[in-house]
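S.K.: Protein chains in written order, with the numbering used here: chain A, 169 to 287; chain B, 3 to 119; chain C, 820 to 975; chain D, 114 to 400; chain E, 1257 to 1894; chain F, 336 to 693.
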Amino acid sequence: MGMLNLVLANVSRKPATRLYPFEVRAPFKEFKGRIVFNPDNCILCGLCQKKCPPDAITVTKADKTWELNVFRCIMCTECVNGCPKDCISISNERAKTGAKEFIKIVVPKVDTPKAAPSK
Amino acid sequence: MPDNVIQNITEIKSMPEVLKAVEGMKGDGYRYVTMICLKANEGHELIYVFEKDDKLKHLRYFVKPGEKPKSVSGIYLCALLIENEYQDLFGLTFEGLAIDYKGHLYLTPNSPKTPLA
Amino acid sequence: MSLAKSPWIIHVNVNSCNGCDIEVVACLTPLYDAERFGVLNIGTPKQADIMVVTGSVNYKSVNVLKNIYNQIPDPKVVLAVGACASTGGIFHDCYNVIGGVDQVIPVDAYVPGCCPRPEAILDGVVAALSILEEKKKGNIKGKEVKLKGNEVPSNA
Amino acid sequence: MNNILLAVLVLIGAPIIGCLASGVDRKITARLQGRVGPPLLQPYYDVKKLLSKDNMVVNASQNFYAVVYLVFIILSLLMLVFEQDFLMIIFVYTVASVALIVGGMSTGSPYARVGSSREIMAILSYEPVLILYALAIYLLTGTFKLSALLDKSSPLLMYTPLIFIAMIVVLNIKLKKSPFDYSTSHHGHQELVKGMTTEYSGPGFATIEIAHFYEYVFLTGLIFLFWASNPIIGVLIGIIAYLLVIVIDNITARVYWQWMLKLSWSVLLIISIVNIAFLYVSGAQLA
Amino acid sequence: MIENTVMLLILVPLLFSLLFVALPKSLYKILAWAFFIIGVVLSVTLVLDCLPTGGAGAFDVSESSFPMLENIVLVLEVLVILFILAVSAKYKNWPTLGLGIISAALFAYTYANVPGAEGASFNIDQFSQVMILIVNIVGTAIILFATGYMDIYEEHRHLHRQKTFYFTMSFFLAAMNGLVMVDTLGWLFLFWEITTLCSFVLISYNMDQEGINNGFRALALNLVGGITFSIAIILLSTKFNISTLSGVGTDAAAAAVALPVALLCIAGFAKSAQMPFQSWLLGAMVAPTPVSALLHSSTMVNAGVYLIVKLVPAYANTSLGTAIAVYGSFTFVMCSALALSQRNAKRVLAYSTIANLGLIIASAGIGTPLAVAAAIMLILFHAISKALLFLCTGEIEHTIGSRDIEDMSGLIKKAPLLTTLAALGMVSMLLPPFGVLLTKWVSMEAASSNPVVIVFLILGSALTTVYYAKWLGTILSSSMDKNAVPHKKPETYFPLSFLGLAIVVTSIFVFSIYHYFIEPQVNILLKAVPTISGQAGQFTTEIGAFAYAAIFVVLALAILIYLATKSMFKPRMTSYYMCGENNLERDRLMFRNGLCSYEKSSVSNIYLQNTFGESKLTTLGYAISIILIVIALAGGVL
Amino acid sequence: MTTVIPFGPQHPVLPEPVSLKLEIDNDVVVGVLPSLGYVHRGLEKFIDTKDYNQTMYICERICGICSGIHGITYSRAVEKLFDVEIPERAQYLRVINSELCRIHSHLLWLGLFADGFGFESLFYECWKYREDVLDLLERFTGNRVIHSMSKVGGASRDLTKEQIDQILKTLDDLEPKVKNIEKVFVNNYTVKKRLVGLGVMSKQLAYEAGTAGPTLRGSGNAVDVRNTADWDIYRDLGFKTATEKEGDCYGRTKVRIDEIYESIKLVRNAISKLPDGEIATRVKGFPTGEAIMRAEQPRGEVVYYVKGNGTKNLERLKVRTPTFANIPSLLLMLPGVKLADVPIVVLTIDPCISCTER
Ligand code: SF4
Ligand code: SF4
Ligand code: SF4
Ligand code: SF4
Ligand code: SF4
Ligand code: SF4
Ligand code: SF4
Ligand code: SF4
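#1: Can you grab the Cα-Cα spacing for the pair Ala1397(E) / Phe1292(E), in whole Å?
#2: Assuming contact is defined by CB atoms lying nearer than 8 Å, are Thr220(D) and Asn176(D) in contact in what I supplied?
#3: Any idea if Phe270(A) is buried or exposed, counting beta-carbon neighbours within 10 angstroms, 16 or more meaning buried?
#4: Can you give the Cα-Cα distance for Leu1563(E) and Ser238(D), rounded to whole angstroms?
#5: When the Cα atoms are used, what is the spatial distance from Gly977(C) to Val641(F)?
#6: Look at Ser73(B) and Phe96(B) and say whether their C-beta atoms are less than 8 Å apart.
#7: Mind listing the chain E neighbours of Val883(C)? Cutoff is C-beta to C-beta under 7 Å, in chain order.
#8: Going by alpha carbons, who is nearest to Asn1462(E) out of Ser1881(E), Arg1473(E), Ala1879(E) and Leu1415(E)?
#9: Does the separation of the CB atoms of Leu248(D) and Trp340(D) fall below 8 Å?
#10: Name the DSSP beta bridge partners of Gly643(F), please?
#11: Within the present structure, is the beta-carbon of Gly534(F) separated from the nearest heavy atom of ligand 3 by less than 7 Å?
#12: Counting only the same chain and skipping the five closest in sequence on each side, list residues whose C-beta sits under 8 Å from that of Gly31(B).
#13: Can the beta-carbon of Thr505(F) be found closer than 8 Å to that of Arg492(F)?
#14: Which of the three DSSP states is assigned to Phe1847(E) in this structure?
#15: Tell me, please, which residues DSSP counts as bridged to Pro341(F).
#16: Quick one: is Val930(C) near chain A, going by C-beta distance under 8 Å?
#17: For Pro67(B), decide whether its Cβ has a neighbour in chain E, counting only Cβ atoms nearer than 8 Å.
#18: Check Asn882(C) in the structure and name its three-state DSSP category.
#19: Bridge partners for Gln146(D) per DSSP, in chain order?
#20: Using a Cβ-Cβ cut-off of 6 Å (strictly less than) and excluding sequence neighbours within five positions of Asn1839(E), which residues of its own chain qualify?
#21: How many whole angstroms separate the CB atoms of Val519(F) and Val526(F), which I take to be in contact at a CB cut-off of 8 Å?
#22: Here's the rule: buried if 16 or more other CB atoms are within 10 angstroms of the residue's CB, otherwise exposed. What is Ile1882(E)?
#23: Give me the subset of the region 846–862 of chain C whose CB atoms are less than 7 Å from a CB atom of chain D, sorted by chain position.
#24: Would you please verify whether the beta carbon of Val339(F) is less than 8 Å from any beta carbon of chain E?
#25: Counting only the same chain and skipping the five closest in sequence on each side, list residues whose C-beta sits under 6 Å from that of Pro1272(E).
#26: Should His1412(E) go down as buried or exposed, given a rule of 16 or more other Cβ atoms within 10 Å for buried?
#27: Which class does Ala42(B) belong to by DSSP, given the choice of helix, strand or coil?
#28: Between Cys1454(E), Ala1595(E) and Ser1665(E), which has its C-alpha nearest Thr1867(E)'s C-alpha?
#29: When the Cα atoms are used, what is the spatial distance from Lys287(A) to Val419(F)?
#30: Taking the C-alpha atoms as reference points, what is the distance between Gly1653(E) and Asp1660(E)?
#31: Taking 7 Å as the cut-off, is the beta-carbon of Gly250(A) closer than that to any non-hydrogen atom of ligand 1?
#32: For Cys247(A), verify whether its CB is less than 7 Å away from any heavy atom of ligand 2.
#33: Between the region 1742–1762 of chain E and the region 1707–1719 of chain E, do at least 3 Cβ pairs fall closer than 8 Å?
#34: Which residue wins for smallest C-alpha separation from Lys1346(E), given the options Lys1822(E), Asn1469(E) and Val1766(E)?
So this is what it looks like as structure tokens:
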């Protein structure tokens, strides 16, 4: 009769369902939602590309572009920790669902990278 | 930095001896854990891993190029998966497998052949 | 509207690490309860409308993927869930991986993440609904995906 | 004229009631599981959608059996409403069940065939109980015609409590609810995929669903007969039985058909026969 | 008029049996067609002949010709017994020899002690007419079918015995015709023994060890019946001075003749292969299928129930009647259960036959007008359906080379007409609106006054549904492994289609049939008629109504709806769901297995061997049925 | 004629693509041939292109369910190559992560298992409770399922005071809930009807078949890697190995339920003993040598073999996952069960095909 108690208790309570998308629960602040790139400080050193396990980031020095294949990123934060200039951060907003998305950003100012930057 | 090596390892020189040793292991109440295959000197190195009372014990055997090692699935049935796996991945041929997938355990005829070899 | 109110899904795991799968299943459980939208995880492709694919495609599962796709009656929508299904994800250059699902069958919507949250998958389903409606209106048929000769094992 | 009106009413009304019943089932099931559940009209949306889909078949005749299933369910329901011979109703209902089974078998899919052969075993377990129920009605009214039963003023249930219990289980089997959902289950999570209906799609499957709507009404109608003397109580009993089945569905695991067969031939049959024996011995007649 | 027709009915088959011997094989087809047409004409003539006399006809063999005929009968009886003794001695079958010797002794005793009758009478009541129609229309149709069947059959077995075959088959029909028309017990017994003999010859047709063994089993068990039959004759004529069948129920008080009646019933049980005797009918399935169809479904076994039904007045509403009812319903449920575990189609049919005969016997035992009506109708409908099913099985066997139900999976794809006919036969056995179910319904309604019988009937009918539904689903399934070569011959398909049509027609005109044949007959037997009306396409009894017309209409409606919606929802073919691993090129039911090669999926039905298997149930069946017979006998004596 | 049915790869009761060719006679399985390879990606080859840090993320994706433990075990194996000692706090964080993983994985399994025998509401009940644990994991690691909490050299995330309180509170709530579903699994008549005496493996057989984890312990073998000398922390935390004697599906279910309680206790103990300090040490250089590292995953023992050759890429990585060890036992358990029992028996080893095939 254990199950009977359980199901009857369920009826007597409000459903446990989170009514997403009608009621959206705020994401936890710890949640690794998406990668945010701030091009201002980027020096196109390519470290993030090298660290990224699924090869989601492509840094093209010649075109001065930093490119992220959002649908390949696995939110591992290697790039966040690896960037010497702290240009990459992680937000607790989810990436959008739907069509595939590439973030391609032209880096405005590029200081020619000096030797390995020290923290 | 010290070179790490696995403890408790016994080198075995010939295939019949391997079978004998494995049989001995079973007699001593060892559990078959797995077998590790590495490329070594043109051939392959097999490390049989056994366990008893939370202690691991290993046998190491070198498969000469072209040699067809014997399957131990007759002694430990559970060895058949890992042996079939190495048939797929390293192109080895084990003789006397309980179920021989003939290199199709993971791979189909159109997928890459012996990717780890 | 009828299609959008009763999307039955078939969940196809082609080559996934299970991360995405358990989240797809989690969508159906009480906390997310996809059945609110009429979603049922129906076992057979013959009765499904939305094909939810998780994982990248490998050489063995490619036939399965195509067969299942072909067996879903029109109109149908394919939803690729997770980085693997969308682009091959972290496994995109593994030797046995062909790539994202769209390498093999037409995909209508993608859900990012590794693995995606159930909310994201619900978003994907909702996106699929409108595509489903459009397809019905435009009478758009999914085309039969042929099994290429070399994918049928030679010893068949 | 009146009869035609009634028939039309049944033809139109029954699927609406059945659809609502099915919606209520899903809603209540969801609530029992602590979920919100689909809208009440979900079964209607489902059928509407199925009708708008591609008619995928594996052979030319499979949908024919679905149609036979549908029309014979309707016929048995109509016969019930027009208070016909109860034994006959059961036979007509058997036609419907066999049509569904043959439909499943005809698709040739291994899952459908295993499902169908399990469903055949279900016939073996519920049909005797149904006919014993008919027999009880005969013994109490002197005829198999339901019209006689409906003229009586005292309820059948008073004399047939054990058969009533057996009929609840039959209801459970026929609605393919857990623990007896081994031939096809509403959610395809079982070893047989969707069992008998694995190869049905679109309109063909919609036919089966619509037939299910009629069947819901028909089956609860059989329960209604236990208290036909007072329609309100009768309907109430039908509803209670239906709810009971839903609750049982949610607190049990699926069992084997072998177990069901054993249960039916040992427990259900025996209690029904005991009930019948009592009726014989006492010679009771419905007032 | 009637006399001539009656004589023709006996003589024409005899003539044909001689023709079959005389003429070459090439003419058999023409002969069979002629036989069929003449059989139809003669039997219809008989019915028409009886019309002016109020439906029933009777005449006595006149003084002058009687002694000659009586002598012929005597000589024939001696010949029959000598033949039995000879073959059982030749094959060293001692039990049969023993039974033969007992029969001979009884014959001698009868000859010496029973006073000779002054005349013999033929009594062609409606029941006899029904039987004549069955024997001469269904029977000749079966012979016609055989001409398309036997060539292939013999070719595969390297046999050349067709002359014997057709001779015996035709001879059998003659005997059967005599059996159902004659009223004098002595003559009846002769025809009875001739059918036994014919069945022995036909069962052992293959002349292999199995065939001969089974032939002897049939002979021996039927001889047991024959022995009880002759004891009953002796008892009746010496103690009660009764020498006609119709006299048994009317000339003496029912209670007084209970023992001989019980003995006669046992003879009937043996001939109808009821429970402890059932093994001969199962063994008979080694014979060619037309033999099974003719002897063991539609005619010979009917002789047993014919006798039992004719005896109804002698035991209606007595404890003997109740015992018979319980016994019959027990056989019904037991054999239905046994049929469930069989996958050999002919064995399924054999068990189904025994079960249905059990149902007939049960109905007769109940003895109410309604029940007796049911019994007679069931004999009719069952004969047609079963003949069709047997013939279809035979043709299926020649098409796919197997009689295993599992091998028939997907037959509809290979032989649509054949499969449809077989399906019709099965549906007519278990679903409304067809005659067999109607009569089952009637007998259930009639039996509802007897608790034990009705419970048995309920269980048996559920079991029947199961084993037929299984088979039905299998042939209508859509995958086939076997090589199927249908033979498109008119002499094969005409009888099949004819029987199929007969099922539908008789089911549609069921009330007319009832009204013309059954009702008067019940009146003859019980001096009472069931209150049945046939308005509005309903078969209405005092306790229920069977709406067959509505079902026909709905069935037609279903077909219409299906065809109408077909264009609305255009079907599109796809492959099976094989969990995604289809092989689309070779076989749609193939899938890829772990070794990356393709393999065919297949499914077999559930047979419940462990519960309903022959090994589990047969002993139980023997025990209970023998007990029931002993009870019946005891009831008869007390 | 026996029945031959393909069971999978795309089959609604199988959570993952694996195919069994079933030969059935009289409703009883007489032959099984498993077909693998639908999830084979070839991860052991990845080390050619990814460095040993990146490989951690790949190891986590060997399987999405016990992914945390994969990452931890891999990290520990590489740490062994480097012969570094990581901070104690990181050790404890790893234990907390592992045990929370185990709780969610067992609840997940219980649910899927219930679904396997057609008990939908029980399935939903289990998954409802599991969400509580997932919330904890999400707040701890930033992701619900794939955690990436561990890295070579320690942990990449720390627990805050607030999170610790949350964990303790949730676990307190969880325990009675698990008791509720335990009652159903252990006492419900229909469930027992399905589980008791099904798929029996004797103690000896389970041991010789090389099974691992609850499959092994359900047959009465007290083998649990958490007890070994490899990782002392578990010993300090006071931990009891759950075993059942029956060796059937029922026994294995009870083992898993017991392990949930045990894990709850372990998390509590670990939190109470959680030392302060660093959560990672810096690891320098490239790995050399070879090492074997084992850990107890929800499904049993996982074995990592790593071999370094002094470059940033490893030379060989070999993972023997628990399901890999348990699949052969299916060949022993399936023959003789009813067709309807196949999903139950398959699920009873808690199959993890993606880690089997990698
Ligand atoms: S690591 Fe940072 S600075 Fe370097 S390219 Fe990437 S984003 Fe720019
Ligand atoms: S989070 Fe990881 S996967 Fe995503 S871009 Fe950064 S390194 Fe690549
Ligand atoms: S996207 Fe991530 S979680 Fe999903 S299957 Fe791929 S690796 Fe696994
Ligand atoms: S079986 Fe062969 S040998 Fe015999 S008749 Fe036929 S073809 Fe000729
Ligand atoms: S069953 Fe076979 S052997 Fe026998 S007659 Fe038919 S085809 Fe010939
Ligand atoms: S013999 Fe030919 S026409 Fe007749 S049913 Fe078979 S296939 Fe059809
Ligand atoms: S069994 Fe293997 S793959 Fe599965 S969760 Fe555990 S470690 Fe990961
Ligand atoms: S067994 Fe493997 S695939 Fe399954 S949940 Fe565990 S890690 Fe994932």
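Think of the CB as a built atom: it goes at the ideal place given N, C-alpha and C, for glycine as much as any other residue.
M.R.: If we stick to the structure as given:
#1: Taking the first residue of the fifth sequence as 1, we reach residue 1397(E) at position 141. Taking the first residue of the fifth sequence as 1, we reach residue 1292(E) at position 36. When rounded, the distance between both Cα atoms is 6 Å.
#2: Working through the fourth sequence from its first residue, we reach residue 220(D) at position 107. Working through the fourth sequence from its first residue, we reach residue 176(D) at position 63. No, Cβ-Cβ distance for Thr220(D) and Asn176(D) is not below 8 Å.
#3: For this step, residue 270(A) is matched to residue 102 along the first sequence. Phe270(A) comes out exposed.
#4: As a working mapping, residue 1563(E) is identified with position 307 in the fifth sequence. As a working mapping, residue 238(D) is identified with position 125 in the fourth sequence. Each residue's alpha carbon lies about 36 Å from the other.
#5: This structure does not reach residue 977(C), given that chain C is present from 820 up to 975, and the question cannot be answered.
#6: Taking the first residue of the second sequence as 1, we reach residue 73(B) at position 71. Taking the first residue of the second sequence as 1, we reach residue 96(B) at position 94. Yes, they are a contact pair.
#7: The count along the third sequence starts at 1 and reaches residue 883(C) at position 64. Neighbours of Val883(C) on chain E, chain order: Gly1836 and Glu1837.
#8: Residue numbering aside, residue 1462(E) sits at position 206 when the fifth sequence is read from its first letter. Minimum Cα distance to Asn1462(E) is reached at Leu1415(E).
#9: In the fourth sequence, residue 248(D) corresponds to position 135, counting from 1. In the fourth sequence, residue 340(D) corresponds to position 227, counting from 1. Taking 8 Å as the Cβ cut-off, Leu248(D) and Trp340(D) do not qualify as a contacting pair.
#10: Residue numbering aside, residue 643(F) sits at position 308 when the sixth sequence is read from its first letter. Partner(s): Gly624(F) and Leu649(F).
#11: Mapped onto the sixth sequence, residue 534(F) falls at position 199. No, Cβ of Gly534(F) sits at least 7 Å from all heavy atoms of ligand 3.
#12: In the second sequence, the residue the question calls residue 31(B) occupies position 29. Excluding sequence neighbours, Gly31(B) sits near Lys54.
#13: Looking up residue 505(F) in the sixth sequence gives position 170. Looking up residue 492(F) in the sixth sequence gives position 157. No, they are not a contact pair.
#14: On the fifth sequence, position 591 is the one that residue 1847(E) refers to. Note: Phe1847(E) maps to strand in three-state DSSP.
#15: By 1-based counting over the sixth sequence, the position of residue 341(F) is 6. Its beta-bridge partners are Lys356(F).
#16: To locate residue 930(C), count along the third sequence from 1; it is residue 111. Cβ-Cβ to chain A under 8 Å: yes for Val930(C).
#17: Looking up residue 67(B) in the second sequence gives position 65. No, Pro67(B) does not count as interfacial toward chain E.
#18: Taking the third sequence and counting its residues from 1, one reaches residue 882(C) at position 63. In the structure shown, Asn882(C) sits in a helix (DSSP, three-state: H, G or I).
#19: The sequence position of residue 146(D) within the fourth sequence is 33, counting from 1. Gln146(D) is not bridged to any residue.
#20: Along the fifth sequence, read from residue 1 onward, the residue named residue 1839(E) stands at position 583. Here the set comprises Met1846 and Tyr1854.
#21: The residue labelled residue 519(F) in the question sits at position 184 within the sixth sequence. The residue labelled residue 526(F) in the question sits at position 191 within the sixth sequence. So it is a contact: roughly 7 Å between Cβ atoms.
#22: In the fifth sequence, residue 1882(E) corresponds to position 626, counting from 1. Classification for Ile1882(E): exposed.
#23: Pro849, Asp852, Glu854, Arg855, Gly857, Leu859, Asn860, Ile861 and Gly862
#24: Residue numbering aside, residue 339(F) sits at position 4 when the sixth sequence is read from its first letter. Answer yes: the Cβ-Cβ gap between Val339(F) and chain E drops below 8 Å somewhere.
#25: Along the fifth sequence, read from residue 1 onward, the residue named residue 1272(E) stands at position 16. Position check: residue 1272(E) holds Phe in this sequence, whereas Pro was assumed. For Phe1272(E), where only same-chain residues beyond five positions count, the Cβ hits under 6 Å are Phe1291 and Ser1426.
#26: Locating residue 1412(E) in the fifth sequence gives position 156, where the first residue counts as 1. Exposed, by the Cβ-count rule.
#27: Against the second sequence, residue 42(B) aligns to sequence position 40. Three-state DSSP puts Ala42(B) in a strand.
#28: Here residue 1867(E) refers to the residue found at position 611 when the fifth sequence is read from its first residue. That would be Ala1595(E), whose Cα lies nearest to the Cα of Thr1867(E).
#29: By one-based count along the first sequence, residue 287(A) stands at place 119. By one-based count along the sixth sequence, residue 419(F) stands at place 84. Note that Lys287(A) scores 41 on pLDDT, short of 50, meaning its location in the model is unreliable; the coordinates nonetheless yield the value given after this. Whole-angstrom Cα-Cα distance: 24 Å.
#30: For the purposes of this step, residue 1653(E) is taken as residue 397 along the fifth sequence, with counting starting at 1. For the purposes of this step, residue 1660(E) is taken as residue 404 along the fifth sequence, with counting starting at 1. Reading the sequence as shown, one finds Glu at residue 1653(E) and not Gly. Distance between the alpha carbons of Glu1653(E) and Asp1660(E) is about 9 Å.
#31: Here residue 250(A) is taken as the residue at index 82 of the first sequence, counted from 1. Indeed, a heavy atom of ligand 1 lies less than 7 Å from the Cβ.
#32: Position 79 of the first sequence, counted from the first residue, corresponds to residue 247(A). Cys247(A): yes, Cβ under 7 Å from ligand 2.
#33: no
#34: Mapped onto the fifth sequence, residue 1346(E) falls at position 90. The candidate whose alpha carbon is nearest that of Lys1346(E) is Asn1469(E).
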